[in-house]
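Trainee:
2 protein chains.
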Amino acid sequence: MLTDIARIRRFNRAVTTEVGALDDSFLGRGRPLGVARVLNAIGQSGSAGRELGEVRDFLQLDSGLLSRILRTLEEEGLVLTAPHPDDGRKRLARLTAKGQGEFAAYESLSDGHAARLLGGHPRPQSLLDAMDLIASALGRNRIEISQADPRDEASLYCLTEYYSELARRFDQGFDVTLSADPDAASMRAPCGTFLLAWSDGLPLGCVGLKGNGGTVGEIKRMWIAPSARGLGLAKRLMGAVESAARALSMNTLRLDTNSALPEAVALYRNSGWHEIPRFNNDPYPDHFFEKAL
Amino acid sequence: MLTDIARIRRFNRAVTTEVGALDDSFLGRGRPLGVARVLNAIGQSGSAGRELGEVRDFLQLDSGLLSRILRTLEEEGLVLTAPHPDDGRKRLARLTAKGQGEFAAYESLSDGHAARLLGGHPRPQSLLDAMDLIASALGRNRIEISQADPRDEASLYCLTEYYSELARRFDQGFDVTLSADPDAASMRAPCGTFLLAWSDGLPLGCVGLKGNGGTVGEIKRMWIAPSARGLGLAKRLMGAVESAARALSMNTLRLDTNSALPEAVALYRNSGWHEIPRFNNDPYPDHFFEKAL
DNA sequence: CATGGTGCCTGACTATGGTCAGCTATCTGT
DNA sequence: ACAGATAGCTGACCATAGTCAGGCACCATG
Numbered sequence: 003m004l005t006d007i008a009r010i011r012r013f014n015r016a017v018t019t020e021v022g023a024l025d026d027s028f029l030g031r032g033r034p035l036g037v038a039r040v041l042n043a044i045g046q047s048g049s050a051g052r053e054l055g056e057v058r059d060f061l062q063l064d065s066g067l068l069s070r071i072l073r074t075l076e077e078e079g080l081v082l083t084a085p086h087p088d089d090g091r092k093r094l095a096r097l098t099a100k101g102q103g104e105f106a107a108y109e110s111l112s113d114g115h116a117a118r119l120l121g122g123h124p125r126p127q128s129l130l131d132a133m134d135l136i137a138s139a140l141g142r143n144r145i146e147i148s149q150a151d152p153r154d155e156a157s158l159y160c161l162t163e164y165y166s167e168l169a170r171r172f173d174q175g176f177d178v179t180l181s182a183d184p185d186a187a188s189m190r191a192p193c194g195t196f197l198l199a200w201s202d203g204l205p206l207g208c209v210g211l212k213g214n215g216g217t218v219g220e221i222k223r224m225w226i227a228p229s230a231r232g233l234g235l236a237k238r239l240m241g242a243v244e245s246a247a248r249a250l251s252m253n254t255l256r257l258d259t260n261s262a263l264p265e266a267v268a269l270y271r272n273s274g275w276h277e278i279p280r281f282n283n284d285p286y287p288d289h290f291f292e293k294a295l
Numbered sequence: 003m004l005t006d007i008a009r010i011r012r013f014n015r016a017v018t019t020e021v022g023a024l025d026d027s028f029l030g031r032g033r034p035l036g037v038a039r040v041l042n043a044i045g046q047s048g049s050a051g052r053e054l055g056e057v058r059d060f061l062q063l064d065s066g067l068l069s070r071i072l073r074t075l076e077e078e079g080l081v082l083t084a085p086h087p088d089d090g091r092k093r094l095a096r097l098t099a100k101g102q103g104e105f106a107a108y109e110s111l112s113d114g115h116a117a118r119l120l121g122g123h124p125r126p127q128s129l130l131d132a133m134d135l136i137a138s139a140l141g142r143n144r145i146e147i148s149q150a151d152p153r154d155e156a157s158l159y160c161l162t163e164y165y166s167e168l169a170r171r172f173d174q175g176f177d178v179t180l181s182a183d184p185d186a187a188s189m190r191a192p193c194g195t196f197l198l199a200w201s202d203g204l205p206l207g208c209v210g211l212k213g214n215g216g217t218v219g220e221i222k223r224m225w226i227a228p229s230a231r232g233l234g235l236a237k238r239l240m241g242a243v244e245s246a247a248r249a250l251s252m253n254t255l256r257l258d259t260n261s262a263l264p265e266a267v268a269l270y271r272n273s274g275w276h277e278i279p280r281f282n283n284d285p286y287p288d289h290f291f292e293k294a295l
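Chains as they are written, first to last, in our numbering: chain A, 3 to 295; chain B, 3 to 295.
(1) By a C-beta neighbour count over all protein chains shown, 10 Å radius and 16 as the cutoff for buried, is A236 of chain B buried or exposed?
(2) Can you confirm whether I44 of chain B, when its beta carbon is compared against all beta carbons of chain A, has any partner nearer than 8 Å?
(3) Among A:A8, A:R248, A:L233 and A:I7, which has the Cα closest to the Cα of P329 of chain B?
(4) Alpha carbon to alpha carbon, what distance is there between D64 of chain A and C208 of chain A?
(5) Give every residue of the same chain whose Cβ lies closer than 7 Å to the Cβ of R280 of chain A, excluding the five residues on either side of it in the sequence, and list them in chain order.
(6) Tell me which residues share the same chain as A150 of chain A and place their Cβ nearer than 6 Å to its Cβ, disregarding the 5 neighbours each side in the sequence.
(7) Mind checking whether F105 of chain A and G45 of chain A have CB atoms under 8 Å apart?
(8) On the three-state DSSP scale, how would you describe F281 of chain B?
(9) Taking the alpha-carbon positions, what's the G215 of chain B to Q127 of chain A distance?
(10) According to DSSP, is S2 of chain A part of a helix, a strand, or is it coil?
(11) Would you mind stating whether L24 of chain B and S112 of chain B have Cβ atoms separated by less than 8 Å?
(12) Counting C-beta neighbours from all protein chains within 10 Å, is the total for K92 of chain B 16 or more, i.e. buried, or is it exposed?
(13) Would you give the residue range spanned by the alpha helix (DSSP H) that L67 of chain A belongs to?
(14) Are any of the Cβ atoms in chain B nearer than 8 Å to that of V267 of chain A?
(15) Please name the residues in the stretch 158–182 of chain B whose beta-carbon is closer than 7 Å to at least one beta-carbon of chain A, in chain order.
(16) Quick one: is V21 of chain A near chain B, going by C-beta distance under 8 Å?
(17) Taking F105 of chain A as part of the alpha helix (DSSP H), name the residues at either end of that continuous run.
(18) Under 8 Å: do the stretch 128–141 of chain B and the stretch 10–23 of chain A share three or more Cβ pairs, one atom per stretch?
(19) By the three-class DSSP mapping on this structure, what secondary structure does D89 of chain B have?
(20) Can you pull the DSSP bridge partners for R153 of chain B?
(21) Rounded to whole angstroms, what is the Cα-Cα separation between A137 of chain B and L120 of chain A?
(22) Just reading off the alpha helix (DSSP H) that P126 of chain B is part of, what are its end residues?
(23) Are the CB atoms of K222 of chain B and G213 of chain B nearer to each other than 8 Å?
(24) Measure the Cβ-Cβ separation of L129 of chain B and A227 of chain A and say whether it is below 8 Å.
(25) Taking only the alpha-carbon atoms, compute the straight-line gap between F28 of chain A and A116 of chain A and give it to the nearest angstrom.
(26) Check each residue of the stretch 202–221 of chain A: if its Cβ is closer than 8 Å to any Cβ of chain B, include it; give the result in chain order.
(27) Closer than 8 Å, CB to CB, is L135 of chain B near chain A or not?
(28) Can you give me the Cβ contacts of T254 of chain B inside the same chain, cut-off strictly under 8 Å, excluding the 5 residues immediately before and after it?
(29) Where does the unbroken beta strand (DSSP E) through T179 of chain A begin, and where does it stop?
(30) What three-state label does DSSP hand G216 of chain A in the structure shown?
(31) Would you tell me roughly how many angstroms separate the C-alpha atoms of G90 of chain B and L82 of chain B, rounded to the nearest one?
(32) Alpha carbons only, please: which of A:D258, A:L263 and A:E265 is nearest the one belonging to H276 of chain A?
(33) What three-state label does DSSP hand A262 of chain B in the structure shown?
(34) If we ignore side chains and look at the alpha-carbon of each, how far apart do A266 of chain B and E167 of chain B end up?
(35) List the residues of chain B whose Cβ lies closer than 9 Å to the Cβ of H289 of chain A, in chain order.
(36) Could you tell me if E20 of chain A is buried or exposed, where buried requires 16 or more neighbouring beta carbons within 10 angstroms of its beta carbon?
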């Protein structure tokens, strides 16, 4: 039978072959895979250097093995290690100029690979969306939530996606400048906060907490990337933003939303929020919620 | 910047981790990966046995290495090898009953993995579609065209998809029983043929050639899976079916189509077909083409 | 029936990844 | 100051994968 499982197998085979090919291209620079992986792990962290423990966790390497690989890289003149300034037991590894060159060479191998794949496809955007969906499905446990500035690039990316989704879903369209606080100024420390959900370097969702120093906060701009919907990320983000609110000594949260976003309305109803009368003059919302912390 | 390349990288990382996890689960049965892979390669070919050369090509193994792995499997009582009946130099490997048990255990590990992935996702159909799209993009060079019976399961799968796509795209819907030759009887040897495009066990497209023993043939039921569109597969299928027509001593091909399928009309116009007057009473088509071979 | 080619096997060897015990230096808490 | 924990290093060891030359049996040709 042409089961779903056959389709997954085909995917696995295609991807395994592809990953193998990528590994082979990594071997093209005359270095064993393990060494190349360590070089890349160190290179990813920029010039600040990276703690060895971090590298070990990231690559799942044994301490002894990493140590030996580092010696190899040091002998090649690609990596320097130095004691950690705050903790003499730890060491930091960083790339030398030569190491940065090698790192860049690996990067461009892998980028070229990606560009070739995209360039050869008739619908690159669908391909990327498909990749996002699969990466989210496979990596759902590795999504991390962290604080950010709403003016950061990743935040702006999420907000732009959010606004354009609102524009698509609201009958009357959406213009952020008509909404209160369009530049998110009050979603920063010390009064508020802004959270991003990250998955392997790609932001998958955001939520803002607007405060004025008092005990009442307002949740704004909650958005989840389409590829990550249904994985429980909205609940996690809401939980995280409630914790942040408590940490800012708030005891009441409010939010507004629109019935054109039924999944959001349902989420609020199912997680302890209750409807209250309109509390602002924003033209878009038609539902208003409050929650006691 | 949040480039497309960052998204591909994230996909690569997610998938590499996943493939690693799959490999780990393969190691769960106390056998090294290479041995497990050979066991699976032999098991896939059913009870007939598989030529060692085939296994070597499939797994990209060195002859010596395969030989040793086979000895391991024989010692474990999982595999039997015997000389090839037609060529004493070759050998055939097949699973013993115990080997089939182990093979089934590996299969169910991998199926369980797949089922868990699908079951844990809110939109399994989107996930499968995304996998198809990616597998087609990665494996575009490995698509093979072969002859089939239109009553085979894979053919029926393609035809069903084809009919339901027509039903979606035609304003008036589509009912195959209103069309001439609904059961594809004349698309089989010796007068006609039916071709399938295969990618790693999944049929991605089909085309029928209807003949009556004369020099005029008719192309019917050309369909390409959505995930494989734009990769040039339609051109390949048309080329293959034209060769098949020549082999059946045909010198003229005809076909009908509908302006609701503009990509098909464009393909015919761009590959040597010219429009002719209606040549049947089929209720659906509104364009008719002919090509001299 | 000789010749060269093919498929498979064996033995010898290497590289890579990975494990583990034990060591030193350093930090943390009391 | 001291005990115990922690981070990293080293040496010794092992398993797996992979390479290569040479050999044997068999096949296809003339």
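Ideal placement from N, C-alpha and C gives every residue a C-beta, glycine not left out.
Mentor: Result, derived from the coordinates:
(1) To locate residue 236 of chain B, count along the second sequence from 1; it is residue 234. Counting the other Cβ atoms within 10 Å of the Cβ of A236 of chain B gives 16 or more, which makes it buried.
(2) In the second sequence, the residue the question calls residue 44 of chain B occupies position 42. Chain A, which has no Cβ nearer than 8 Å to the Cβ of I44 of chain B, makes this no.
(3) The structure shown does not extend to residue 329 of chain B, since chain B is modelled only from 3 to 295, so the question has no answer here.
(4) One-based indexing of the first sequence puts residue 208 of chain A at position 206. One-based indexing of the first sequence puts residue 64 of chain A at position 62. Looking at the two C-alpha atoms, the distance is approximately 36 Å.
(5) Here the question's residue 280 of chain A lines up with position 278 in the first sequence. Same-chain partners within the cutoff: F290.
(6) Residue numbering aside, residue 150 of chain A sits at position 148 when the first sequence is read from its first letter. Leaving aside the five residues that flank A150 of chain A on each side, the residues in its chain whose CB is nearer than 6 Å to its CB run, in chain order, S157, F196 and L198.
(7) As a first step, residue 105 of chain A is located in the first sequence; it is residue number 103 there, counting from the start. As a first step, residue 45 of chain A is located in the first sequence; it is residue number 43 there, counting from the start. Yes; because the gap between Cβ atoms is below 8 Å, this pair is in contact.
(8) As a first step, residue 281 of chain B must be located in the second sequence, where it is residue number 279. For F281 of chain B, the secondary structure class from DSSP, reduced to helix, strand or coil, is coil.
(9) Taking the second sequence and counting its residues from 1, the one referred to as residue 215 of chain B is at position 213. Taking the first sequence and counting its residues from 1, the one referred to as residue 127 of chain A is at position 125. Near 47 Å, if we compare the C-alpha coordinates of Q127 of chain A and G215 of chain B.
(10) Any property of residue 2 of chain A remains undetermined from this structure, which presents chain A solely from 3 to 295.
(11) Along the second sequence, read from residue 1 onward, the residue named residue 24 of chain B stands at position 22. Along the second sequence, read from residue 1 onward, the residue named residue 112 of chain B stands at position 110. For L24 of chain B and S112 of chain B, yes; Cβs fall inside 8 Å.
(12) Residue 92 of chain B sits at position 90 when you count from the first residue of the second sequence. Per the 10 Å Cβ criterion, exposed.
(13) Stepping through the first sequence from its first residue, residue 67 of chain A is reached at position 65. For L67 of chain A, the enclosing alpha helix (DSSP H) has its first and last residue at S65 to E77.
(14) Counting from one through the first sequence, the residue named residue 267 of chain A turns up at place 265. So no, V267 of chain A is outside the interface.
(15) Shown in chain order are the members of the stretch 158–182 of chain B whose Cβ falls below 7 Å from a Cβ of chain A: Y159.
(16) Numbered from 1 along the first sequence, position 19 holds the residue referred to as residue 21 of chain A. By the rule that beta-carbons nearer than 8 Å mark a contact, V21 of chain A touches chain B.
(17) For the purposes of this step, residue 105 of chain A is taken as the residue at position 103 of the first sequence. It spans A99 to G121 - the alpha helix (DSSP H) in which F105 of chain A sits, taken as one unbroken run.
(18) Yes, the stretch 128–141 of chain B is in contact with the stretch 10–23 of chain A.
(19) Along the second sequence, one-based indexing puts residue 89 of chain B at 87. DSSP places D89 of chain B in the coil class of the three-state scheme, outside both helix and strand.
(20) As a position in the second sequence, residue 153 of chain B is number 151, starting the count at 1. Beta-bridge pairing links R153 of chain B to no other residue.
(21) Reading the second sequence from its first residue, position 135 is the one you call residue 137 of chain B. Reading the first sequence from its first residue, position 118 is the one you call residue 120 of chain A. Their backbone Cα atoms lie some 13 Å apart in a straight line.
(22) What you label residue 126 of chain B is simply residue 124 of the second sequence in a count that begins at 1. Per DSSP, the continuous alpha helix (DSSP H) segment holding P126 of chain B begins and ends at P126 to L140.
(23) Reading the second sequence from its first residue, position 220 is the one you call residue 222 of chain B. Reading the second sequence from its first residue, position 211 is the one you call residue 213 of chain B. Cβ atoms of K222 of chain B and G213 of chain B: not closer than 8 Å.
(24) As a first step, residue 129 of chain B is located in the second sequence; it is residue number 127 there, counting from the start. As a first step, residue 227 of chain A is located in the first sequence; it is residue number 225 there, counting from the start. Result no, Cβ atoms of L129 of chain B and A227 of chain A do not sit closer than 8 Å.
(25) Here residue 28 of chain A is taken as the residue at index 26 of the first sequence, counted from 1. Here residue 116 of chain A is taken as the residue at index 114 of the first sequence, counted from 1. In a straight line, the C-alpha of F28 of chain A is about 14 Å away from that of A116 of chain A.
(26) So the close ones are D202, G203, L204 and P205.
(27) Counting from one through the second sequence, the residue named residue 135 of chain B turns up at place 133. Look at L135 of chain B: its C-beta is under 8 Å from a C-beta on chain A.
(28) Along the second sequence, read from residue 1 onward, the residue named residue 254 of chain B stands at position 252. Excluding sequence neighbours, T254 of chain B sits near T217, V218, G219, E292, K293, A294 and L295.
(29) Counting from one through the first sequence, the residue named residue 179 of chain A turns up at place 177. Annotation: T179 of chain A is outside any beta strand (DSSP E) and is labelled neither H nor E by DSSP.
(30) For this step, residue 216 of chain A is matched to residue 214 along the first sequence. When DSSP states are grouped into helix, strand and coil, G216 of chain A belongs to the coil group.
(31) Sequence index remark: in the second sequence, residue 90 of chain B carries index 88 (1-based). Sequence index remark: in the second sequence, residue 82 of chain B carries index 80 (1-based). CA-to-CA, the gap between G90 of chain B and L82 of chain B works out to about 16 Å.
(32) As a position in the first sequence, residue 276 of chain A is number 274, starting the count at 1. Looking at A:D258, A:L263 and A:E265, the one whose alpha-carbon comes closest to that of H276 of chain A is A:D258.
(33) As a position in the second sequence, residue 262 of chain B is number 260, starting the count at 1. Of the three classes helix, strand and coil, the one that applies to A262 of chain B here is coil, per DSSP.
(34) Residue 266 of chain B sits at position 264 when you count from the first residue of the second sequence. Residue 167 of chain B sits at position 165 when you count from the first residue of the second sequence. Looking at the two C-alpha atoms, the distance is approximately 13 Å.
(35) Position 287 of the first sequence holds residue 289 of chain A. Going along chain B, no residue has its Cβ under 9 Å from H289 of chain A, so there is no contact; the nearest lies around 23 Å.
(36) Numbered from its first residue, the first sequence carries residue 20 of chain A at position 18. Within a 10 Å sphere around the beta-carbon of E20 of chain A sit 16 or more other beta-carbons, which makes this residue buried.
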